[in-house]
Amino acid sequence: MTRMIRRISHAVCLLALLAPVSGLSQDVDCSDPVTQMEMTYCAEQDWQAADAELNAAYGRAMAAMKQMDEDLADSPALAGAAKALRDAQRAWIPYRDAACAAYGFQARGGSMEPMLIYQCRADLTGQRTRELEDLASGLGN
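Add 141 to the 1-based position in the sequence shown for the working numbering, that's all there is to it.
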């Protein structure tokens with residue numbers, strides 16, 4: 142019984158914390174955020190936009206790598222481009238997250254920490270997007 146009450150109280154607290162944030166998007170001008178909450182929200186939006194661009198660039202790069210594998214079908218020992226890209230991307234994501242968690246230590250425990258992490262993720266994601274675009278265009282796509 143006590144465990145159930147504790148779970149319910151945790152759920153209520155979580156909902157209370159999330160409630161003010163849910164309406165935030167309608168009121169925030171990310172060209173001029175004022176409060177720390179707005180700055181963090183805008184940094185998160187920047188990261189989400191960068192992540193969407195990354196996913197599109199990854200799709201184009203993967204298509205180019207798969208095409209390369211098809212072109213090398215007669216020489217199986219030379220194929221493996223798509224797997225190499227997939228492995229690289231799977232290694233890059235934890236790197237980005239760990240690097241940005243370390244970057245956030247500049248404001249550890251403070252209200253700026255999440256903003257710094259989101260900004261770092263947006264920056265590194267933008268860099269990775271450019272790398273993937275260069276890869277795809279270098280392969281003729």
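Idealized CB from N, CA, C, for every residue including glycine.
Just so you know, these numbers come straight off a predicted model, no measurement behind them.
Is it the case that the Cβ atoms of Q230 and Y199 are separated by a distance below 9 angstroms? For this step, residue 230 is matched to residue 89 along the sequence shown. For this step, residue 199 is matched to residue 58 along the sequence shown. It is a contact, given that the beta carbons lie within the stated cut-off.
When the Cα atoms are used, what is the spatial distance from G279 to R262? In the sequence shown, counting from the first residue as 1, residue 279 sits at position 138. In the sequence shown, counting from the first residue as 1, residue 262 sits at position 121. Those two C-alpha atoms are separated by around 25 angstroms.
Hey, L219 and L213 are a contact pair by Cβ (cut 8 angstroms); roughly how many whole angstroms apart? On the sequence shown, residue 219 is found 78 positions in, with the first residue counted as 1. On the sequence shown, residue 213 is found 72 positions in, with the first residue counted as 1. The pair is a contact, with the Cβ atoms about 5 angstroms apart (cut-off 8 angstroms).
So, using beta-carbon positions, are L265 and C241 closer together than 9 angstroms? As a position in the sequence shown, residue 265 is number 124, starting the count at 1. As a position in the sequence shown, residue 241 is number 100, starting the count at 1. A contact, by the Cβ cut-off of 9 angstroms.
Are A184 and Y236 close, meaning C-beta to C-beta below 9 angstroms? For this step, residue 184 is matched to residue 43 along the sequence shown. For this step, residue 236 is matched to residue 95 along the sequence shown. In this structure, Y236 does not lie closer than 9 angstroms to A184 by Cβ.
If you measure from the CB of E194, is any heavy atom of the ligand MG nearer than 8 angstroms? The ligand content of the structure shown is nil, which means the ligand MG is not present either.
Please return the same chain residues whose Cβ sits closer than 6 angstroms to the Cβ of R271, not counting the five positions on each side in sequence. Residue 271 sits at position 130 when you count from the first residue of the sequence shown. Counting only Cβ-Cβ distances below 6 angstroms, and skipping sequence neighbours, we find nothing.
With distances taken between CB atoms, is the gap from D210 to A202 smaller than 9 angstroms? Position 69 of the sequence shown, counted from the start, is the residue given in the question as residue 210. Position 61 of the sequence shown, counted from the start, is the residue given in the question as residue 202. No; because the gap between Cβ atoms is not below 9 angstroms, this pair is not in contact.
Is M336 helix, strand or coil by DSSP? There is no way to answer for residue 336, as the model of the chain reaches only from 142 to 282.
With burial defined as no fewer than 16 other Cβ atoms inside 10 Å of the residue's Cβ, what is the status of G251: buried or exposed? The residue given as residue 251 occupies position 110 in the sequence shown. Counting Cβ neighbours within 10 Å, G251 comes out exposed, since fewer than 16 surround it.
Cα-Cα separation between A193 and S172, rounded to whole angstroms: To locate residue 193, count along the sequence shown from 1; it is residue 52. To locate residue 172, count along the sequence shown from 1; it is residue 31. Cα-Cα distance, rounded: 20 angstroms.
Please report whether the beta-carbon of D228 lies at a distance below 9 angstroms from any beta-carbon of chain B. The chain inventory of the structure shown lacks chain B, comprising one protein chain alone.
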